[in-house]
Amino acid sequence: MQEQKVISFIRSLYNTDAFIPLHAPHFGGNEKKYLLECIDSTFVSSVGPFVNQFETEIANYTGAKHGVAVVNGTSALHTALLVCGVEKGDEVLTQSLTFVATANSIKYCDAEPVFIDVDRDTMGLSPNALEAFLEEHSTMRNGSCYNKATNKRIRACLPMHTFGFPCRIDKICEICAKFGIKVVEDAAEAIGSELNGKKIGTFGDVGVFSFNGNKVITSGGGGALITNDDLIAKESKHLTTTGKTKHSYEFHHDRIAFNYRMPNINAALLCAQLEQLVHFLSNKRKLAEQYKTFFDPLDGVELRWEMKGTKANFWLISLEMKDKQARDHFLRKTNENEIMTRPIWQLMHKLPMFKHCLKDEQKNALYLEERIVNIPSSYKKNG
Ligand SMILES: *Cc1c(COP(=O)(O)O)cnc(C)c1O
């Protein structure tokens with residue numbers, strides 16, 4: 010592949026000679042208006058109308074019954090696992106090919122991640138690998154699933170939708186139901202993505218989003234849980250608001266809980282961003298199509314596209330290189346030329362804190378680790 014040609018193309022897309030980031034936020038709506046409303050009202054912190062408004066709107070948008078806004082995606086994952094009953098010494102099945110927060114959140118519960126391979130096409134948790142692992146290594150006792158070798162309870166499964174491409178979450182949920190395992194969807198990257206017309210994040214017992222500055226919509230820092238389960242919603246809210254019981258002036262807290270509630274000022278920004286989400290998604294899809302037209306005729310590189318029956322949000326547009334050498338060359342050339350590109354994450358089971366964790370063969374994860382890169386995917390102002 011001729012990198013120079015790629016560099017010129019990306020510069021022409023964004024119409025600039027300056028540094029091109031991987032994913033910059035875009036504030037084109039009511040952001041300033043809502044932020045000023047916060048400041049003028051003095052409600053900038055943990056009380057204020059934008060938090061409740063956002064929780065209602067995220068539920069409406071995704072079709073979930075409840076939304077709970079929190080300080081970031083990582084705390085949303087932590088809370089989701091806790092409300093699904095993950096306890097000290099449990100195992101949680103997840104993928105090694107993910108951002109570190111996924112695996113960290115399991116450790117926050119004093120539980121152990123077990124790394125299952127991904128599918129090569131979706132880059133998300135493989136239902137076949139999941140089922141193979143459970144059939145070989147698990148046994149049921151009193152309706153709960155246990156790992157025969159470690160004697161630990163397998164309480165939850167935490168699949169992740171890589172770069173906004175939906176994984177086979179319907180199959181994963183089917184398998185987990187059979188084994189009595191709760192499903193938390195790490196949809197941090199996948200707001201707006203769909204499988205068979207249903208929003209990603211609404212398949213599992215709980216879905217989790219991130220609104221960090223580099224995600225599709227942002228509150229500066231922020232996250233949310235969505236669920237159809239009334240009890241899970243109630244527990245999530247309680248656990249993320251210091252476990253305070255309702256009283257107009259007395260302090261009573263019924264457990265050790267967290268201060269994870271999203272401040273009103275972040276929610277104000279997020280309400281303005283959510284109003285533009287549909288527009289952002291069509292802008293990003295157009296960008297992805299332009300990239301596709303450019304890359305499809307080129308040899309030695311493949312633009313990753315959504316699977317049949319799914320809609321990706323195209324958070325980060327992804328290329329598959331023919332091998333690690335080609336990947337390294339591409340990353341070097343583009344970054345040298347002030348175009349930010351990035352490899353997919355180093356696999357979790359190679360990191361010092363997770364290298365002793367159980368895992369399966371990881372054939373597809375290892376394949377993708379060597380080949381996948383992300384290219385500039387920001388909202389295009391002239392798009
Ligand atoms: C961004 C992200 C998170 C964490 O979200 P924060 O808001 O940064 O805490 C978790 N999982 C995945 C897959 C992510 O991409």
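Numbering (our numbering), first residue to last: 10 to 392. Just so you know, even glycine gets a beta-carbon here, dropped at the ideal spot from N, CA and C. Note that the structure is predicted; figures quoted are calculated from it, not measured.
Legend entry - phenylalanine 323 beta carbon near ligand 1 (any heavy atom closer than 7 angstroms): Indexing the sequence shown from 1 puts residue 323 at position 314. Phenylalanine 323 has its Cβ no nearer than 7 angstroms to any heavy atom of ligand 1.
Inset, instruction - Would you verify that the beta carbon of glutamate 100 is, or is not, closer than 8 angstroms to some beta carbon of chain B? - result: Any reference to chain B falls outside this structure, which holds one protein chain only.
Legend entry - Through-space distance from glutamate 329 to arginine 313, alpha-carbon basis: To locate residue 313, count along the sequence shown from 1; it is residue 304. To locate residue 329, count along the sequence shown from 1; it is residue 320. So the alpha carbons of these two residues sit roughly 7 angstroms apart.
Inset, instruction - Leaving aside the five residues before and after tyrosine 43 along the sequence, list all residues of the same chain whose C-beta is less than 8 angstroms from its C-beta, in chain order. - result: By one-based count along the sequence shown, residue 43 stands at place 34. Correct list, in chain order: Phe59, Ala277, Leu278, Cys280 and Ala281.
Legend entry - Under the three-state DSSP convention, the category phenylalanine 323 falls into: On the sequence shown, residue 323 is found 314 positions in, with the first residue counted as 1. DSSP, read as helix, strand or coil, puts phenylalanine 323 in coil.
Inset, instruction - Can you check DSSP and say which residues form a bridge with glutamate 194? - result: Taking the sequence shown and counting its residues from 1, the one referred to as residue 194 is at position 185. Paired residue(s): Gly216.
Legend entry - Nearest-angstrom Cα separation, counted from glutamate 66 out to histidine 75: Here residue 75 corresponds to residue number 66 of the sequence shown, with the count starting at 1. Here residue 66 corresponds to residue number 57 of the sequence shown, with the count starting at 1. Cα to Cα, histidine 75 sits roughly 10 angstroms from glutamate 66.
Legend entry - Pairwise C-alpha distance: lysine 41 and glutamate 140: On the sequence shown, position 131 is the one that residue 140 refers to. On the sequence shown, position 32 is the one that residue 41 refers to. Between glutamate 140 and lysine 41, the C-alpha separation is close to 49 angstroms.
Inset, instruction - State yes or no: is the C-beta of serine 228 within less than 8 angstroms of the C-beta of asparagine 275? - result: Taking the first residue of the sequence shown as 1, we reach residue 228 at position 219. Taking the first residue of the sequence shown as 1, we reach residue 275 at position 266. Yes, the Cβ-Cβ distance between serine 228 and asparagine 275 is below 8 angstroms.
Legend entry - Exposed unless 16 or more other CB atoms sit within 10 angstroms - verdict on asparagine 391: In the sequence shown, the residue the question calls residue 391 occupies position 382. Under this definition asparagine 391 is an exposed residue.
Inset, instruction - For threonine 88, count neighbouring Cβ atoms within 10 angstroms of its own Cβ and tell me buried if that reaches 16, exposed if not. - result: Position 79 of the sequence shown, counting from 1, holds the residue named residue 88. Burial of threonine 88 is indicated by the presence of at least 16 other C-beta atoms within 10 angstroms of its C-beta.
Legend entry - C-alpha gap between glutamate 194 and lysine 253, whole angstroms: As a first step, residue 194 is located in the sequence shown; it is residue number 185 there, counting from the start. As a first step, residue 253 is located in the sequence shown; it is residue number 244 there, counting from the start. Roughly 27 angstroms between the two C-alpha positions.
Legend entry - Reference aspartate 130, options Glu284, Leu286 and Gly173, closest by Cα: In the sequence shown, residue 130 corresponds to position 121, counting from 1. Between aspartate 130 and the set Glu284, Leu286 and Gly173, the nearest pair of CA atoms involves Gly173.
Legend entry - For lysine 191 and aspartate 214, believed in contact at Cβ under 8 angstroms, the rounded distance: If you number the sequence shown from 1, residue 214 lands on position 205. If you number the sequence shown from 1, residue 191 lands on position 182. At roughly 5 angstroms, the Cβ-Cβ gap stays under 8 angstroms, so aspartate 214 and lysine 191 are in contact.
Inset, instruction - Return the chain-ordered list of same chain residues with a C-beta closer than 8 angstroms to the C-beta of glycine 318, the five sequence neighbours on each side being excluded. - result: Your numbering for residue 318 matches position 309 in the sequence shown. Exclusion of the five residues before and after glycine 318 leaves Leu204 and Asn205 as the residues of its chain whose Cβ lies within less than 8 angstroms of its Cβ.
Inset, instruction - Name the residue from Ala138, Asn61, Tyr70 and Val77 whose alpha carbon lies nearest to the alpha carbon of aspartate 369. - result: Taking the first residue of the sequence shown as 1, we reach residue 369 at position 360. Of all alpha-carbon atoms in Ala138, Asn61, Tyr70 and Val77, the one lying nearest the alpha-carbon of aspartate 369 is that of Ala138.
Inset, instruction - Could you check the C-alpha separation between lysine 14 and valine 382 for me, to the nearest Å? - result: Taking the first residue of the sequence shown as 1, we reach residue 14 at position 5. Taking the first residue of the sequence shown as 1, we reach residue 382 at position 373. If you draw a straight line from the Cα of lysine 14 to the Cα of valine 382, it is about 17 angstroms long.
Legend entry - For proline 30, the three-state DSSP class (helix, strand or coil): In the sequence shown, residue 30 corresponds to position 21, counting from 1. In the structure shown, proline 30 falls within a coil segment according to DSSP collapsed to helix, strand and coil.
Legend entry - Any non-hydrogen atom of ligand 1 closer than 7 angstroms to threonine 88 Cβ: As a first step, residue 88 must be located in the sequence shown, where it is residue number 79. Not one heavy atom of ligand 1 sits closer than 7 angstroms to the Cβ of threonine 88.
Inset, instruction - From the DSSP output, read off the bridge partner residues of leucine 204. - result: Locating residue 204 in the sequence shown gives position 195, where the first residue counts as 1. In the DSSP output, where bridge partners are listed per residue, leucine 204 has Lys207 and Thr319.
Inset, instruction - Report all residues from its chain with a CB closer than 8 angstroms to the CB of glycine 189; omit the five preceding and five following residues, and keep chain order. - result: Residue 189 sits at position 180 when you count from the first residue of the sequence shown. Excluding positions up to five away in sequence, the list reads Met149, Gly152, Ser153 and Cys154.
Inset, instruction - May I ask you to check if the CB of glycine 230 is nearer than 7 angstroms to at least one heavy atom of ligand 1? - result: The residue you call residue 230 lines up with position 221 of the sequence shown. Checking every heavy atom of ligand 1 against the Cβ of glycine 230, one is found closer than 7 angstroms.
Legend entry - Opposing strand residues paired with leucine 134 [DSSP bridges]: As a working note, residue 134 is residue 125 in the sequence shown. Answer is Val127.
Legend entry - Cβ contact check for the segment 333 to 347 and the segment 222 to 242: 3 or more pairs under 8 angstroms: Contact between the segment 333 to 347 and the segment 222 to 242 is absent, because fewer than three Cβ pairs lie under 8 angstroms.
Legend entry - Spatial distance of glutamate 198 from threonine 211 (CA atoms): Numbered from 1 along the sequence shown, position 189 holds the residue referred to as residue 198. Numbered from 1 along the sequence shown, position 202 holds the residue referred to as residue 211. Taking the straight line joining both Cα atoms gives about 14 angstroms.
Inset, instruction - With a threshold of 7 angstroms, establish whether the CB of serine 50 neighbours any heavy atom of ligand 2. - result: Here the bound small molecules are ligand 1; ligand 2 is not part of this structure.
Inset, instruction - Taking only heavy atoms of ligand 1 into account, decide whether any of them is closer than 7 angstroms to the Cβ of asparagine 81. - result: Numbered from its first residue, the sequence shown carries residue 81 at position 72. Residue side-chain check: asparagine 81 places its Cβ nearer than 7 angstroms to a non-hydrogen atom of ligand 1.
Legend entry - Cα-Cα separation between alanine 374 and serine 327, rounded to whole angstroms: In the sequence shown, residue 374 corresponds to position 365, counting from 1. In the sequence shown, residue 327 corresponds to position 318, counting from 1. Alanine 374 and serine 327: Cα-Cα distance of roughly 15 angstroms.
Inset, instruction - Take every Cβ of the segment 81 to 101, pair it with every Cβ of the segment 111 to 121, and state whether three or more of those distances are shorter than 8 angstroms. - result: At 8 angstroms Cβ cutoff, the stretches touch.
Inset, instruction - Return yes when at least one heavy atom of ligand 1 lies under 7 angstroms from the C-beta of asparagine 383, else no. - result: The residue given as residue 383 occupies position 374 in the sequence shown. Closer than 7 angstroms to some heavy atom of ligand 1: that does not describe the Cβ of asparagine 383.
Inset, instruction - Consider the C-beta atom of phenylalanine 267 and the heavy atoms of ligand 1; say whether any pair is separated by less than 7 angstroms. - result: Counting from one through the sequence shown, the residue named residue 267 turns up at place 258. For phenylalanine 267, the CB stays at least 7 angstroms from every heavy atom of ligand 1.
Legend entry - Nearest-angstrom Cβ-Cβ length linking leucine 167 and valine 101, presumed shorter than 8 angstroms: Position 158 of the sequence shown, counted from the start, is the residue given in the question as residue 167. Position 92 of the sequence shown, counted from the start, is the residue given in the question as residue 101. Cβ atoms of leucine 167 and valine 101 come within 8 angstroms of each other, at about 6 angstroms.
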